[in-house]
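Number of protein chains: 2
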Amino acid sequence: MALDVSTPPRRRGHDPESVLSVAVGVFNERGYDGTSMEDLARALGVTKSAIYHHVPGKEQLLARALDRALDGLSELAADARAARGPAIDRLERVVRQSVRVLTERLPYVTLLLRVRGNSATERAALARRAEFGALVGRLVDEAAEEGALRPGLDPALVTRLLFGAVGSIAEWHRPEHGAPATEVADALVGMVFDGLKRG
Amino acid sequence: MALDVSTPPRRRGHDPESVLSVAVGVFNERGYDGTSMEDLARALGVTKSAIYHHVPGKEQLLARALDRALDGLSELAADARAARGPAIDRLERVVRQSVRVLTERLPYVTLLLRVRGNSATERAALARRAEFGALVGRLVDEAAEEGALRPGLDPALVTRLLFGAVGSIAEWHRPEHGAPATEVADALVGMVFDGLKRG
Chain Z
1 MALDVSTPPR RRGHDPESVL SVAVGVFNER GYDGTSMEDL ARALGVTKSA
51 IYHHVPGKEQ LLARALDRAL DGLSELAADA RAARGPAIDR LERVVRQSVR
101 VLTERLPYVT LLLRVRGNSA TERAALARRA EFGALVGRLV DEAAEEGALR
151 PGLDPALVTR LLFGAVGSIA EWHRPEHGAP ATEVADALVG MVFDGLKRG
Chain U
1 MALDVSTPPR RRGHDPESVL SVAVGVFNER GYDGTSMEDL ARALGVTKSA
51 IYHHVPGKEQ LLARALDRAL DGLSELAADA RAARGPAIDR LERVVRQSVR
101 VLTERLPYVT LLLRVRGNSA TERAALARRA EFGALVGRLV DEAAEEGALR
151 PGLDPALVTR LLFGAVGSIA EWHRPEHGAP ATEVADALVG MVFDGLKRG
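Taken in order, these protein sequences are the chains called Z and U.
Per full-length UniProt numbering, residue 1 is the first one in the first sequence, and the count goes up by one each step.
Per full-length UniProt numbering, residue 1 is the first one in the second sequence, and the count goes up by one each step.
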């Protein structure tokens with residue numbers, strides 16, 4: 001059929017995966033609330049009128065992007081729940097795996113860390129993120145109960161500061177330059193578990 | 001003169017200090033780029049046409065708000081440059097004072113931590129923030145040279161992770177609830193300098 005021949009070849013890079021990848025980049029650059037469908041159309045190289053062929057809607061893209069980060073955390077949470085051994089070792093493993101998920105899924109985790117709860121989608125993501133935080137909090141508590149933490153440390157503050165340090169990696173880590181994720185994880189674990197000071 | 005009598009009393013809370021305080025709240029809530037002069041007028045309770053009596057301009061407010069955070073860091077940097085003694089102790093002092101500045105000037109530091117360099121004002125603020133980061137980096141290097149750090153720690157990564165942990169406090173610290181700033185600083189210093197693990 002002539003129609004088939006005259007139809008331009010499908011543009012490369014507009015499968016759902018690459019749409020998501022472009023969208024998360026625009027959300028991180030302009031802020032989700034500051035991103036219009038027109039901005040997404042421009043970034044994808046399609047016209048404003050064609051954008052809905054490629055993008056189901058801004059909020060669905062946000063939900064998918066946040067799930068990409070949260071699914072990584074859920075996998076490592078399941079791994080942590082299945083693990084045995086001293087809580088301090090399981091905590092160290094969770095910290096290392098969190099750094100890995102953060103660096104492997106950097107733009108998605110960056111987006112997750114900026115969510116403020118402005119919509120049902122954002123609030124659902126914050127609830128899933130809080131479940132992960134609670135798991136880490138339980139590991140810190142268990143480590144304290146097992147006598148593995150230095151006395152005088154407040155487990156709730158330790159949990160917040162530890163995950164603050166992990167999350168802050170998203171602000172400066174660039175996979176193409178600088179230290180690989182395993183070195184970043186080693187530095188963090190070394191600093192936080194054994195301390196900066198020479199014993 | 002009749003005119004004086006009929007002029008309504010000046011509204012309370014519209015001195016430059018309270019304008020800045022309201023503006024930084026709106027910037028943090030909506031994002032600077034997402035804040036319009038109309039949003040600021042609404043938050044100040046003035047009409048859209050009256051806003052320029054109260055607000056010099058959005059970018060000047062941003063510059064003043066960022067200076068409020070940066071001046072706090074400059075003061076503690078001057079203090080650190082004047083201090084003597086082992087670098088590890090001077091570093092600990094800088095960390096404690098950074099937590100104090102962050103908690104005392106929380107909305108201003110929160111705004112500073114979200115700056116991405118989208119304007120000349122933002123780039124100038126990032127340059128001042130980088131000066132402070134460089135000072136901390138020098139202290140970590142000195143502490144390493146003095147043999148006070150555990151061997152094997154990368155000073156550049158330590159600097160980033162340490163200040164990531166400090167900055168993350170802005171995400172959850174609420175002065176009216178929870179741990180006071182000195183306890184947060186104690187927990188951070190305890191965790192990072194001596195380590196989580198019981199020796």
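Think of the CB as a built atom: it goes at the ideal place given N, C-alpha and C, for glycine as much as any other residue.
Nonlocal neighbours in the same chain, by C-beta distance under 8 Å from residue i, ignoring five residues either side
i	result
N28(U)	P107, T110, L111 and R114
A170(U)	L102, L106, V109, T110 and L113
V5(U)	Below a pLDDT of 50, predicted positions are generally treated as unreliable, and V5(U), at 47, falls in that range; no measurement from the model is reported.
V46(Z)	R11, H14, H53 and H54
Cβ neighbours of residue i in the same chain (closer than 6 Å, five flanking residues each side left out)
i	result
A63(U)	T121
I88(Z)	A143 and A148
F132(Z)	L73 and A77
T35(Z)	V26 and F27
C-beta atoms of residue i and residue j nearer than 8 Å
i	j	result
V94(U)	L20(U)	no
I51(U)	A41(U)	yes
A181(U)	V99(U)	yes
D39(Z)	V22(Z)	no
R128(Z)	L61(Z)	no
L153(U)	L196(Z)	yes
V184(U)	H173(U)	yes
E17(U)	P86(U)	no
R198(U)	R198(Z)	no
G190(U)	S168(Z)	no
L66(U)	A134(U)	no
Strand pairing of residue i, partner residues [DSSP]
i	result
L149(Z)	K197(U)
Nearest candidate by alpha-carbon position, reference residue i, set the options
i	options	result
R90(U)	V136(U), A124(U), E145(U) and A23(U)	V136(U)
K58(Z)	A77(Z), M37(Z) and R68(Z)	M37(Z)
L188(Z)	G199(U), V22(U), Y32(U) and A165(U)	A165(U)
F193(Z)	R116(Z), V158(Z), D33(Z) and G34(Z)	V158(Z)
D33(Z)	R84(Z), G117(Z) and R150(Z)	G117(Z)
P56(Z)	H14(Z), A82(Z) and S168(Z)	H14(Z)
D186(Z)	P175(Z), Q97(Z) and P155(Z)	Q97(Z)
A130(U)	F163(U), S119(U) and P155(U)	F163(U)
Neighbouring residues, chain C, relative to residue i (Cβ below 9 Å)
i	result
R150(Z)	Looking at the structure shown, chain C is missing, and the protein chains on hand are Z and U.
Cβ of residue i within 8 Å of any chain Z Cβ
i	result
A165(U)	yes
G85(U)	no
D154(U)	yes
L161(U)	yes
A179(U)	yes
A187(U)	yes
D33(U)	yes
I51(U)	no
G147(U)	yes
The ligand GTP heavy atom lying under 7 Å from the CB of residue i
i	result
S36(Z)	Although the ligand GTP was asked about, the structure shown includes no ligands whatsoever.
Neighbour flag for residue i against chain U, beta carbons, 8 Å
i	result
V184(Z)	yes
L44(Z)	no
L157(Z)	yes
I169(Z)	yes
S6(Z)	Here the model assigns S6(Z) a pLDDT of 46, short of 50, so the residue's position is not dependable and the matter cannot be decided.
Proximal residues to residue i (C-beta, below 7 Å), its chain only, five neighbours per side dropped
i	result
P175(Z)	T103 and L106
R68(U)	R105 and Y108
E92(U)	V189 and F193
residue 206(Z)	The structure shown has nothing for residue 206(Z), since chain Z only spans 1 to 199.
V24(U)	A65, P107, Y108 and L111
D141(Z)	P155
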